[in-house]
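Chains as they are written, first to last, in this note's numbering: chain A, 1 to 157; chain B, 1 to 157.
Ideal Cβ positions, reconstructed from N, Cα and C, are used throughout, including at glycine.
Since this is a predicted model, take the numbers as computed values, not measurements.
There are 2 protein chains.
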Amino acid sequence: MLYSRPCEYAIRTVAYLARTGTERRVQAHEIAIAERIPAPFLAKILQQLARGNLVNSFKGPGGGFSLKRSAEEISLYEIFRVVDGVETLDRCAVGLAECNDFAPCPLHDTWKAVRVHLLRYLKTTTLKEMAEAVVRKKELVERMACQGRKKNRRSPP
Amino acid sequence: MLYSRPCEYAIRTVAYLARTGTERRVQAHEIAIAERIPAPFLAKILQQLARGNLVNSFKGPGGGFSLKRSAEEISLYEIFRVVDGVETLDRCAVGLAECNDFAPCPLHDTWKAVRVHLLRYLKTTTLKEMAEAVVRKKELVERMACQGRKKNRRSPP
DNA sequence: AGTATTTAGGAGAAAAAACTCCTTTATTCT
DNA sequence: AGAATAAAGGAGTTTTTTCTCCTAAATACT
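Structure, rendered in structure tokens:
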């Protein structure tokens with residue numbers, strides 16, 4: 001997989017915050033329940049996001065987390081950078097420590113092209129995409145529920 | 001990273017066998033030393049490759065492993081399939097268990113495009129590429145060594 | 001000031017991945 | 001047949017990643 005489990009959780013967390021809006025403070029355990037992520041672990045990840053300046057954090061009663069920027073200003077790449085660190089993308093295709101641009105391994109050039117593509121995906125995919133896609137999915141679910149009822153009328157058991 | 005550590009080792013192993021030719025039997029510990037891979041672990045990986053019909057295995061004196069096919073007939077995808085299993089590529093972009101083509105998560109379509117690209121890379125990159133690239137690298141190293149000597153003459157300490 | 005709340009941070013536990021070690025099996029050679 | 005060799009297979013150990021638990025710190029409210 002392209003990025004770690006914690007990074008997956010981070011993406012879903014930021015998406016959750018994006019859907020709730022930038023003003024409201026959301027507590028870690030609320031996100032954990034909604035997204036089925038282990039709460040203490042999510043707290044750690046949220047701290048990383050806060051240190052990386054992707055979210056605001058507020059202690060105490062009424063505290064919680066909120067996004068520092070709007071959804072379309074946050075790319076997958078930024079989350080990935082903060083949680084996994086970008087060095088993981090620099091790894092040689094076959095794990096050779098000495099492989100680099102100056103002394104490339106046999107797969108270096110082809111793998112580099114893949115890497116460029118992956119980086120583009122990460123940098124161009126924003127959390128806006130995720131928020132919008134959820135809206136689209138809801139419409140789809142409602143449409144499918146409607147079709148489901150029609151089909152039941154036509155096909156008695 | 002796209003595939004596991006064992007899969008990296010497998011690719012390097014198959015490349016090593018490709019360079020030695022399909023006839024000669026190569027022992028596990030020879031490859032382990034040459035590629036700096038833990039020998040007992042490599043033996044396990046080689047067994048997977050044998051079970052997956054990528055290599056021949058021979059027990060006893062004079063035994064070892066050899067490729068079942070020529071380098072250009074073995075893609076990275078085949079090695080990946082045998083060592084990691086292809087289900088790892090089916091994983092949702094953000095780790096949602098219920099995400100599939102019929103109930104896609106918000107990133108499903110964009111991630112799917114990335115996946116297609118990765119699959120193409122894996123399926124079109126063969127071990128022939130690796131074997132040829134090693135030859136090219138040797139020529140480059142010799143050329144650089146030559147330039148290194150010229151430069152030393154020009155730049156006394 | 002004291003209490004409650006929620007994040008921040010450190011240490012440890014559990015799970016998964018990587019790796020090691022030992023026995024068994026199959027093959028070759030004498 | 002016996003010995004040597006090298007793969008095959010199983011179990012165990014180590015390392016890394018994921019996750020849990022506990023304490024400390026900061027904030028809001030009374």
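For residue i, count neighbouring Cβ atoms within 10 angstroms of its own Cβ and tell me buried if that reaches 16, exposed if not.
| i | result |
| --- | --- |
| ALA39(B) | exposed |
| GLU73(A) | exposed |
| PRO156(B) | With a pLDDT of only 33 at PRO156(B), under 50, the local geometry of the prediction cannot be trusted, and no value is derived from it. |
| THR126(A) | buried |
| PHE80(B) | buried |
May I have the straight-line CA-CA distance separating residue i from residue j, to the nearest angstrom?
| i | j | result |
| --- | --- | --- |
| ARG24(B) | PRO104(A) | 28 Å |
| GLU98(B) | ARG91(B) | 10 Å |
| ILE31(B) | ASN100(B) | 41 Å |
| THR124(A) | GLY21(A) | 21 Å |
| LYS151(A) | ARG115(A) | Because the pLDDT of LYS151(A) is 38, which lies under 50, any placement of that residue in the model is unreliable, and the question is left without a value. |
| LEU76(B) | PRO106(A) | 13 Å |
| GLU8(A) | PHE58(B) | 44 Å |
| VAL86(B) | GLY60(B) | 33 Å |
| TYR3(B) | LEU118(B) | 11 Å |
| VAL55(B) | PHE102(B) | 38 Å |
| GLY148(B) | ILE37(A) | Its pLDDT being 40, under 50, GLY148(B) is placed unreliably by the model, and the measurement read from it follows with that caveat. Spanning the two alpha carbons is a distance of roughly 55 Å. |
Which residue from the options puts its Cα closest to that of residue i?
| i | options | result |
| --- | --- | --- |
| GLU78(A) | HIS117(A), LYS112(A), LEU118(A), LEU122(A) | LEU122(A) |
| ASP109(B) | MET130(A), LEU107(A), VAL114(A), ARG115(A) | MET130(A) |
| ILE167(B) | PHE65(B), PRO61(B), MET1(B), ALA34(B) | No answer is possible for residue 167(B): the residues shown for chain B start at 1 and end at 157. |
| ASN53(A) | SER70(A), GLY60(A), GLY63(A), VAL94(A) | SER70(A) |
| MET1(A) | LYS112(A), ASP84(A), THR126(A), LEU42(A) | ASP84(A) |
| ALA10(A) | GLY60(A), LEU42(A), ARG36(A) | LEU42(A) |
| ILE33(A) | GLN47(A), GLN48(A), TYR16(A), LEU49(A) | TYR16(A) |
| VAL94(A) | ARG36(A), ARG19(A), LYS112(A) | LYS112(A) |
| VAL14(B) | LYS68(B), TYR3(B), SER4(B) | LYS68(B) |
| ARG120(A) | LEU89(A), SER4(A), ALA18(A) | LEU89(A) |
Under 7 Å Cβ to Cβ from residue i, same chain only, skipping five residues before and after it: list those, please.
| i | result |
| --- | --- |
| HIS29(A) | ALA39 |
| GLN48(B) | VAL82, VAL83 |
Can you give me the Cβ contacts of residue i inside the same chain, cut-off strictly under 8 Å, excluding the 5 residues immediately before and after it?
| i | result |
| --- | --- |
| GLN27(B) | GLY63, GLY64, PHE65 |
| ARG51(A) | VAL82 |
Grab me the residues of residue i's own chain with a C-beta within less than 6 Å of its C-beta, minus the 5 sequence neighbours each way, in chain order.
| i | result |
| --- | --- |
| PRO6(A) | ILE45, VAL83 |
| ARG12(B) | GLU35 |
| LEU96(B) | CYS105 |
| LYS128(B) | ALA71, GLU72 |
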